Amino acid sequence: MRGLMMEMPLLVSDLIRHADRHHRDTPIVSRRVEGDLHRYTYHDAHERSRRAANALGKLGLQPGDRVATLAWNGYRHFEIYYAVAGSGMVMHTVNPRLFPEQIAWILNDAKDKVLFLDLTFLPLVQKILPLCKHLKHLVLMTDRAHMPAGAEGLLCYEDLLAAETDAFEWPALDENTACGLCYTSGTTGNPKGALYSHRSTVLHAYAICLPDAMCLSASDSALPVVPMFHANAWGLPFAAPLVGAKLVFPGAALDGKSLHALFESERVSFSAGVPTVWGGLIQYMRENRVRLTTLKRTIIGGAPCPPAMIRALEDEFGIEVNHAWGMTEMSPLGSVCKLKEKHLSLPPEERRAIREKQGRVVFGVDWKIVDSEGRDLPWDGKAFGDLHVRGPWVVSGYYEAAQSPLIDGWFPTGDVATIDADGFLRITDRSKDVVKSGGEWISSIALENIAMAHPAVQEAAVIACRHPKWDERPLLIAVLKPGQQLAREELIAFYEGKVAKWWIPDDVVFAKELPHTATGKLMKTALREQYRDHPLPAATAASSGKVVA
Ligand code: ADP
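If you want my numbering, it's the 1-based position in the sequence shown plus 5.
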């Protein structure tokens with residue numbers, strides 16, 4: 006049929022080209038590893054990413070080659086994103102918080118040829134280098150003046166750029182060309198690679214800007230606390246140029262004090278990060294009696310956001326919290342929690358109860374919950390089952406893996422969830438974290454949220470503990486706030502009336518801290534290993550005295 010729309014591929018390079026043409030002087034501000042604040046514009050970023058693309062060519066890289074980074078959120082990392090993806094190579098962001106052997110394993114699996122690294126990670130890279138079989142070049146993301154002793158043989162990023170011009174035409178690629186690679190953290194078995202395409206990345210960037218997703222616009226100053234190595238900072242380095250939002254990169258300083266200073270000096274209006282980061286910020290603001298004067302809203306996800314955290318940020322600090330759910334395999338966004346018009350007239354507590362859920366699906370993704378036989382479960386907010394998803398930015402298989410994980414075209418997320426009649430998702434657990442007591446399932450997340458609503462509790466984890474009669478029973482492991490004291494019985498009594506009696510944890514262990522994964526989530530595998538055979542009450546009745554943190 007004649008007269009159809011233009012056929013133009015969706016390409017990552019068009020995002021930065023657009024930002025340069027239409028948001029030329031919009032700033033990108035970065036806290037550098039070198040310590041100072043760096044400031045330039047989308048125009049400058051576009052110019053330097055083309056120089057970087059020329060440099061990649063000189064290093065002998067070909068379309069399809071994988072290029073790795075071990076880097077914080079910053080402008081050089083941003084330039085490399087576009088230089089690599091825009092010129093048809095695959096941008097592989099590696100999580101530096103993984104174990105060194107795991108990082109080497111991932112670099113080998115991806116057959117990365119070049120590694121760009123921030124100064125911070127030089128000792129780590131020197132340690133694993135003998136294990137990395139495919140790396141041909143290491144590039145330190147700094148200037149000549151900051152090249153450290155011991156970096157002989159490494160290339161200097163600023164030298165590479167200085168030797169090039171910005172005369173580079175982004176190639177007109179097929180939109181289904183691979184542009185990004187991100188490995189899951191591998192909490193079970195070896196990490197697996199999710200391979201993104203130009204098409205999936207651009208569509209995802211559009212979707213996350215929608216009002217009921219991140220609601221990102223040219224009037225925002227956006228600070229992704231979530232690292233660029235954690236599912237591409239949830240897509241923000243692509244979405245911000247798409248709408249022309251100001252970008253603020255925090256570098257390595259993710260503590261409450263440094264973040265607070267940057268939020269204030271750069272008039273940040275929007276941010277996104279995992280719950281642990283917000284925990285640090287809340288603590289800093291409380292202790293120092295300060296507020297965030299420009300921050301209007303934040304996306305919290307990657308792990309369940311405790312209702313007590315939403316309450317603290319909204320009621321004490323006036324910052325709107327939008328709870329979101331996603332995963333590396335979904336680029337990562339699946340859902341964000343924003344109310345529907347009919348909810349606006351509900352009493353505040355009812356509105357709050359809805360907003361504690363993981364939210365509604367973003368167009369492009371569809372989902373269903375199924376039982377163990379794969380049968381659809383009702384959307385009544387009660388029935389829970391395995392959550393399956395599909396959509397143009399959901400993986401169809403893992404990088405270089407022969408077997409597809411899909412079941413009838415749907416990706417099984419490994420999460421257990423309910424969906425209510427209005428389409429709101431509640432994640433009750435990861436399937437491997439569910440407590441199976443006498444054949445019935447208990448949600449560990451629901452029990453953790455209750456513990457964290459206790460004023461003395463800083464953090465809580467619930468795991469399954471072996472039980473002779475019920476197979477598994479819930480054990481609560483709690484970290485108290487500094488200076489607080491609480492008895493085991495008081496914490497157990499706190500559950501009464503809040504959940505069915507048989508859900509109440511059998512015992513409480515007070516710990517100094519809880520282990521976290523490389524992306525800041527509770528590491529339940531480690532806790533299970535440590536406490537799986539913890540003797541339940543009969544054996545511990547004597548040890549129930551007060552505990553002081
Ligand atoms: P990994 O944790 O394996 O590194 P991801 O970072 O991709 O991988 O994490 C995805 C998982 O994180 C989801 O499958 C889900 O279990 C959990 N998750 C993400 N967001 C939320 C949320 N808001 N509430 C509960 N769980 C979440």
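We put the beta carbon where it would ideally sit given N, CA and C, even for glycine. Computed from a predicted structure; not experimentally measured.
Looking at the ligand SAH, does it come within less than 7 Å of residue i, judged from the CB to the closest heavy atom?
{"i": "Asp420", "result": "The ligand SAH is not among the ligands present in this structure, which contains only the ligand ADP."}
I'd like to know whether the C-beta of residue i is nearer than 8 Å to at least one C-beta of chain C.
{"i": "Pro353", "result": "No chain C is present in this structure, which holds just one protein chain."}
For residue i and residue j, I'd like the C-alpha separation in whole angstroms.
{"i": "Glu52", "j": "Pro153", "result": "27 Å"}
{"i": "Trp507", "j": "Ser448", "result": "12 Å"}
{"i": "Asp438", "j": "Ile21", "result": "41 Å"}
{"i": "Ala523", "j": "Arg102", "result": "5 Å"}
{"i": "Gly550", "j": "Ala492", "result": "Residue confidence for Gly550 is low, a pLDDT of 34 falling below 50, so the modelled location carries little weight; the figure read from the coordinates is stated next. Taking the straight line joining both Cα atoms gives about 6 Å."}
{"i": "Asp25", "j": "Thr333", "result": "29 Å"}
{"i": "Cys137", "j": "Lys118", "result": "10 Å"}
{"i": "Thr299", "j": "Leu351", "result": "28 Å"}
{"i": "Phe429", "j": "His97", "result": "33 Å"}
{"i": "Asp391", "j": "Arg431", "result": "12 Å"}
{"i": "Ala546", "j": "Pro312", "result": "Residue placement at Ala546 cannot be trusted, given a pLDDT of 36 that sits under 50; the coordinates are not used to answer."}
{"i": "Tyr45", "j": "Pro540", "result": "59 Å"}
{"i": "Gly488", "j": "Pro542", "result": "26 Å"}
{"i": "Ala109", "j": "Leu129", "result": "10 Å"}
Please determine, among the options, the residue with the shortest C-alpha to C-alpha distance to residue i.
{"i": "Ala88", "options": "Asp19, Tyr536, Arg36 and Ile315", "result": "Asp19"}
{"i": "Met146", "options": "Lys138, Arg435 and Asn78", "result": "Asn78"}
{"i": "Leu481", "options": "Trp446, Pro473, Pro460 and Leu519", "result": "Leu519"}
{"i": "Ala458", "options": "Trp475, Leu485 and Lys474", "result": "Leu485"}
{"i": "Ala250", "options": "Ser190, Leu259 and Arg272", "result": "Arg272"}
{"i": "Ala90", "options": "Leu186, Leu496 and Trp446", "result": "Leu186"}
{"i": "Ala167", "options": "Leu541, Ala57 and Leu15", "result": "Ala57"}
{"i": "Phe126", "options": "Leu75, Trp110 and Asp49", "result": "Leu75"}
{"i": "Val253", "options": "Thr170, Glu174, Glu501 and Tyr47", "result": "Tyr47"}
{"i": "Leu532", "options": "Ser274, Cys220, Phe499 and Pro479", "result": "Pro479"}
Where does residue i sit, in a helix, a strand or coil, going by DSSP?
{"i": "Met335", "result": "helix"}
{"i": "Tyr188", "result": "strand"}
{"i": "Leu165", "result": "helix"}
{"i": "Ile450", "result": "helix"}
{"i": "Leu382", "result": "coil"}
{"i": "Ser202", "result": "strand"}
{"i": "Phe243", "result": "helix"}
{"i": "Cys470", "result": "strand"}
{"i": "Leu215", "result": "coil"}
{"i": "Tyr45", "result": "strand"}
{"i": "Lys373", "result": "strand"}
{"i": "Ile324", "result": "coil"}
Within this structure, are the beta carbons of residue i and residue j separated by less than 8 Å?
{"i": "Glu453", "j": "Val467", "result": "yes"}
{"i": "Ala451", "j": "Thr433", "result": "yes"}
{"i": "Ala73", "j": "Ala115", "result": "yes"}
{"i": "Ala223", "j": "Val248", "result": "yes"}
{"i": "Lys343", "j": "Asp217", "result": "yes"}
{"i": "Val231", "j": "Val17", "result": "no"}
{"i": "Val99", "j": "Cys184", "result": "no"}
{"i": "Pro14", "j": "Leu178", "result": "yes"}
{"i": "Pro176", "j": "Lys132", "result": "no"}
{"i": "Asp371", "j": "Arg395", "result": "yes"}
{"i": "Leu143", "j": "Leu122", "result": "yes"}
{"i": "Gln107", "j": "Pro196", "result": "yes"}
{"i": "Ile324", "j": "Leu349", "result": "no"}
Roughly how far, in whole angstroms, is the beta-carbon of residue i from the beta-carbon of residue j, given that I think they are within contact range, below 8 Å?
{"i": "Gly369", "j": "Pro397", "result": "6 Å"}
{"i": "Ile305", "j": "Pro337", "result": "Going by Cβ atoms, the distance from Ile305 to Pro337 rounds to 14 Å, so no, they are not a contact pair."}
{"i": "Ala227", "j": "Ala245", "result": "5 Å"}
{"i": "Tyr404", "j": "Gly198", "result": "3 Å"}
{"i": "Asn327", "j": "Arg302", "result": "6 Å"}
{"i": "Ser54", "j": "Glu84", "result": "4 Å"}
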